[in-house]
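Residues in the sequence shown are numbered consecutively from 880, following the numbering used here.
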Amino acid sequence: MKKNIFNAKFEDSLNLHDDAIISFALNNFLKEVETEEKMALRGTLKSTIWVIILAIICVFGLNLLPAFLSDLIFRSGSFNDFLVPPATNFMTYKLYYIFAIVWLGVVFLGKLLNQRFILGYRGHFHIFVTDILWFLIEVNLFFITFIFPTLGKLNAILFSALNVFIFILLFYFRYQSIKKCLYGDAEKESKSVRVLGEGLQFLKKYGGFIIFILAFTSFFLRNRTMELSDNITFLSFLVLFLALNSIVAVFEIYLIFPYLLTGYYKLKYPEEYRNWEGKTKTEFYGNSYLKKHKELTENE
């Protein structure tokens, strides 16, 4: 069976804990939420009220902002003085409601995983993955609404390609580093992987720069009548757009993805990890889970 980062054996999966970035996440994220004090609060009325309040403010409130601003600016035409007026608002309240329903659906589905050892991962998945990606999609739709008409079709395609390119590049190199962490030198790269890696190394150095130059040269040649201050403002929007996507991509791919991968392996090898951590079944699974799965305590 060909090795990948999702089918490692238990012994190999332990190597993930040697990765400095994953170790940082485990020590600063997981241990923080798995303290006895915080675990004891789970399911209580006080905890439920706080979760609802924080969700309203930090999840639904923050993610409402792009829809609110997009609708306000689209109707008022605030950017029309130096940007081509958009014909369509891509970040609508209707789309926000759809995202909100999807997020709630993922939260309720997550409750099917109620083992004590996975609760911290589950909460972080809802915060660091579904919530942040929801917000990122909304922000991108906001920028697409107001920036892309001025950028033009070809430049918009090139700029989108630059964003996708950065994501693929980051994911490829992080995937390879995780794979090396899991298997070490035992997993030899195939010729196709080496060629792809060499190609991405070249693109890492020059690809983004080439796309950047093509897009902005084309744009500025096409918009020579724009004021210098307008060009600078527009360029600032583009840099902000690219920077936001890149920062979130680095955060998700280099920190959160491998951190959650350790949770995946705990689900895959629960008893092995319980013994490795030296915990009792009650400490590892929790009383509520053991009551529903009596087969785990039958041999005790």
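We put the CB at the ideal spot given by N, CA and C, even for glycine.
Tell me whether residue i sits in a helix, a strand or coil according to DSSP, three-state version.
{"i": "residue 1142", "result": "helix"}
{"i": "residue 829", "result": "It is not possible to answer for residue 829, since the shown part of the chain is limited to 880 through 1179."}
{"i": "residue 1112", "result": "helix"}
{"i": "residue 913", "result": "coil"}
{"i": "residue 1032", "result": "helix"}
{"i": "residue 884", "result": "coil"}
{"i": "residue 904", "result": "helix"}
{"i": "residue 1024", "result": "helix"}
{"i": "residue 927", "result": "helix"}
{"i": "residue 967", "result": "coil"}
{"i": "residue 961", "result": "coil"}
Going by beta carbon distance, what residues of the same chain come within less than 7 Å of residue i, once the five residues before and after it are set aside?
{"i": "residue 944", "result": "none"}
{"i": "residue 970", "result": "945, 946, 949, 1017, 1020, 1021 and 1024"}
{"i": "residue 1134", "result": "900 and 904"}
Taking the alpha-carbon positions, what's the residue i to residue j distance?
{"i": "residue 893", "j": "residue 961", "result": "55 Å"}
{"i": "residue 983", "j": "residue 1044", "result": "31 Å"}
{"i": "residue 1039", "j": "residue 1168", "result": "46 Å"}
{"i": "residue 1004", "j": "residue 1036", "result": "31 Å"}
{"i": "residue 1007", "j": "residue 995", "result": "19 Å"}
{"i": "residue 976", "j": "residue 1154", "result": "44 Å"}
{"i": "residue 1101", "j": "residue 979", "result": "Residue confidence is low: residue 1101 scores 49 on pLDDT, short of 50, so the model does not pin down where it sits. No coordinate-derived value is stated."}
{"i": "residue 966", "j": "residue 1122", "result": "26 Å"}
{"i": "residue 1030", "j": "residue 1164", "result": "54 Å"}
{"i": "residue 988", "j": "residue 910", "result": "24 Å"}
{"i": "residue 1166", "j": "residue 956", "result": "58 Å"}
How is the alpha helix (DSSP H) around residue i delimited, first residue to last?
{"i": "residue 1008", "result": "Unbroken run through residue 1008: none, as it is neither H nor E."}
{"i": "residue 974", "result": "972–989"}
{"i": "residue 949", "result": "941–955"}
{"i": "residue 890", "result": "889–892"}
{"i": "residue 1149", "result": "1149–1156"}
{"i": "residue 1171", "result": "1166–1171"}
Quick one: what's got a C-beta closer than 8 Å to residue i's C-beta in the same chain, skipping five residues either side?
{"i": "residue 896", "result": "902, 905 and 1141"}
{"i": "residue 1161", "result": "1169"}
On a CA-only basis, which of the options is nearest residue i? Give me that one, please.
{"i": "residue 1127", "options": "1143, 1148, 1010 and 1172", "result": "1010"}
{"i": "residue 884", "options": "1152, 993, 1114 and 1056", "result": "1056"}
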